[in-house]
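Have a look at the structure below, then the notes.
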Amino acid sequence: MKSFTQKLVVTTALVSSIALGAISAQAEPTAEVLHYWTSGSEAKAVKALKEDFEANGGKWLDAPVAGGGGDAQAAVLRSRVLSGNPPAAVQIKGLSIQEWAEAGALGDLTKLGEEEGWDDVLPPLLQKIVKHDGKYVAVPVNIHRVDWIWANPESLAKVDGEPPRTWEEFNALADKLQAAGITPLAHGGQPWQDGTVFETVVLGMGGAEFYNKAFIEKDIATIKSDTMKKVFDQMRKMRGYVDADFSGRDWNLATSMVMRGEAAMQIMGDWAKGEFIAAGKVPGKDFLCVPTPSNGGYILNSDSFAMFNVSSEDDKAGQALLARLILGEKFQETFNLYKGSIPARMGVPTDKFDECAVKSMVDLQSASESGALVGSMAHEIAASGAIRGAILDVVTEHFNSDMTSDVAVERLAEAIELAE
Ligand code: GAL
Numbered sequence: 015m016k017s018f019t020q021k022l023v024v025t026t027a028l029v030s031s032i033a034l035g036a037i038s039a040q041a042e043p044t045a046e047v048l049h050y051w052t053s054g055s056e057a058k059a060v061k062a063l064k065e066d067f068e069a070n071g072g073k074w075l076d077a078p079v080a081g082g083g084g085d086a087q088a089a090v091l092r093s094r095v096l097s098g099n100p101p102a103a104v105q106i107k108g109l110s111i112q113e114w115a116e117a118g119a120l121g122d123l124t125k126l127g128e129e130e131g132w133d134d135v136l137p138p139l140l141q142k143i144v145k146h147d148g149k150y151v152a153v154p155v156n157i158h159r160v161d162w163i164w165a166n167p168e169s170l171a172k173v174d175g176e177p178p179r180t181w182e183e184f185n186a187l188a189d190k191l192q193a194a195g196i197t198p199l200a201h202g203g204q205p206w207q208d209g210t211v212f213e214t215v216v217l218g219m220g221g222a223e224f225y226n227k228a229f230i231e232k233d234i235a236t237i238k239s240d241t242m243k244k245v246f247d248q249m250r251k252m253r254g255y256v257d258a259d260f261s262g263r264d265w266n267l268a269t270s271m272v273m274r275g276e277a278a279m280q281i282m283g284d285w286a287k288g289e290f291i292a293a294g295k296v297p298g299k300d301f302l303c304v305p306t307p308s309n310g311g312y313i314l315n316s317d318s319f320a321m322f323n324v325s326s327e328d329d330k331a332g333q334a335l336l337a338r339l340i341l342g343e344k345f346q347e348t349f350n351l352y353k354g355s356i357p358a359r360m361g362v363p364t365d366k367f368d369e370c371a372v373k374s375m376v377d378l379q380s381a382s383e384s385g386a387l388v389g390s391m392a393h394e395i396a397a398s399g400a401i402r403g404a405i406l407d408v409v410t411e412h413f414n415s416d417m418t419s420d421v422a423v424e425r426l427a428e429a430i431e432l433a434e
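Quick note: the sequence shown uses this note's numbering, first residue 15, plus one each step.
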């Protein structure tokens, strides 16, 4: 059966694929850029790209869609493609890139990639994400690590607490904080945020093999296992650690709660660090970054811009310029310092990056060597939109009800089977 995106594109008869390397000299590079980077730090990061683009003669048409995790943007993108008018450049990720490429909606950047030597500067891991059938269809801007705890050191000190290294320690610390009247966990009750917490617990309690069996192989015995039940038990505990107003809260507001000491910790990818940095906070002093307990695991997320099929020479020139700038060494540094992530490009000097970023770089390397590196399910690296949606539905329903772990694993198995 064809996926939704495939059907979409087939029925809308989009312009045929284009070779973005060949651009006419007279064109005025223009790009409508669809993204969901609207928090303080995200806006700074995207502004750096806009300014670089404009300084190089580009005309930037900004198309932001608020909504963390990109679910609101995904709906806008589908309707734009359906109406035969896709934006030139869109911030999408992982399997979503593959689905749009499969549907024939993306332009071919391979010629440009050859001219610019992308094969030599991009790690194979990221090449796999942005290539489809051996052709470049997107350019990566960064690597975000998902499995982080952001902690307020003063809140921890109030209960003589140390950053947790196991989930038992996490619970013991959270219980102490709660007893002292401090909200242990800042959380925003939105499906993608529930899913973000959930996947860190899956990796932490099950390990990388279990994680991949559940999310990539969709192995039913794994999904219904006792380990998965323990994961849901832990999610039930987490539900008890959030404040009364968590429903619907944006992720960056949860980050502010940690900054202000209104909550002690947040489990969130390192885009949260961007918010601390934008507020002038110093890692190690004003806030702590500690991986969620997982025995050396690492959950990878990577943002990319995919270039959709466009017909005008100006748009094609805009796409080529944007793609070239995104992989520039200087841009990769500037952008990622704002964004909280680490560069997608290899060889970018690391001296300006803080201790959390350096830890991400070191841990990425060691997790990749030990086999403990996994792609994010909640952020579309390891799971397709349909599977991710099915998982998030169950995780969110469990989080917001008194569903038992036994029922949750059954529901998860059913939802995944239906989505396949
Ligand atoms: C992630 C994305 C990040 C950040 C975050 C909050 O999915 O990769 O770049 O924007 O969502 O919206």
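Virtual Cβ for every residue (Gly too), placed ideally from N, Cα, C.
Measuring CB to CB, does residue i end up less than 8 angstroms from residue j?
i	j	result
residue 380	residue 356	no
residue 155	residue 419	no
residue 123	residue 114	no
residue 161	residue 291	no
residue 358	residue 126	no
residue 406	residue 247	no
residue 342	residue 45	no
residue 289	residue 55	yes
residue 191	residue 278	yes
residue 316	residue 142	no
residue 232	residue 434	yes
residue 281	residue 197	no
residue 91	residue 104	yes
residue 135	residue 321	no
residue 43	residue 64	no
residue 370	residue 307	no
residue 87	residue 48	yes
residue 204	residue 262	yes
residue 186	residue 199	no
residue 268	residue 201	yes
residue 265	residue 85	no
Just verifying my parser: in three-state terms, what is the DSSP assignment at residue i?
i	result
residue 48	strand
residue 32	With a pLDDT of 45 at residue 32, under the threshold of 50, the modelled position of this residue cannot be trusted, and the question is left open.
residue 310	coil
residue 304	strand
residue 315	strand
residue 299	coil
residue 388	strand
residue 41	coil
residue 18	Confidence is the limiting factor: at residue 18 the pLDDT is only 44, short of 50, which leaves the residue's position unreliable, though a coordinate-based value still follows. Reduced to three states, the DSSP call for residue 18 is helix.
residue 373	helix
residue 366	coil
residue 59	helix
residue 396	coil
residue 427	helix
residue 119	coil
How far does the alpha helix (DSSP H) with residue i in it reach, from first residue to last?
i	result
residue 417	Segment: none, residue 417 is in no alpha helix (DSSP H) and carries neither H nor E.
residue 333	327-340
residue 319	Segment 318-321 is the beta strand (DSSP E) holding residue 319; no alpha helix (DSSP H) there.
residue 351	343-353
residue 115	108-116
If you draw a straight line from the alpha carbon of residue i to that of residue j, how long is it in whole angstroms?
i	j	result
residue 229	residue 245	14 angstroms
residue 102	residue 276	41 angstroms
residue 250	residue 257	14 angstroms
residue 159	residue 284	6 angstroms
residue 272	residue 149	43 angstroms
residue 387	residue 242	19 angstroms
residue 295	residue 432	45 angstroms
residue 293	residue 430	40 angstroms
residue 301	residue 175	14 angstroms
residue 67	residue 254	46 angstroms
residue 352	residue 421	42 angstroms
residue 179	residue 218	10 angstroms
residue 349	residue 70	16 angstroms
residue 221	residue 399	23 angstroms
residue 395	residue 140	11 angstroms
residue 303	residue 310	15 angstroms
residue 270	residue 193	22 angstroms
residue 131	residue 338	10 angstroms
residue 35	residue 340	Any reading at residue 35 must be qualified, since the residue scores a pLDDT of 48, below 50, and its modelled position is unreliable; no value is offered.
residue 210	residue 80	18 angstroms
What span of residues does the beta strand (DSSP E) with residue i cover, start to end?
i	result
residue 279	277-281
residue 358	From DSSP, residue 358 is part of no beta strand (DSSP E); its letter is neither H nor E.
residue 123	Note, residue 123: premise wrong, no beta strand (DSSP E); not H, not E.
residue 400	Per DSSP, residue 400 belongs to no beta strand (DSSP E); it is in the alpha helix (DSSP H), 399-413.
Whole runs of the beta strand (DSSP E) within the stretch 132-214, excluding any shorter than 3 residues:
152-154, 156-159, 162-165, 197-199
Just to confirm the assignment: which complete alpha helix (DSSP H) runs, minimum length 4, are found wholly within the stretch 80-106?
85-96
Can you check the stretch 218-295 for any alpha helix (DSSP H) of at least 4 residues that lies completely inside it and give the ranges in chain order?
234-237, 240-255, 265-273, 285-292
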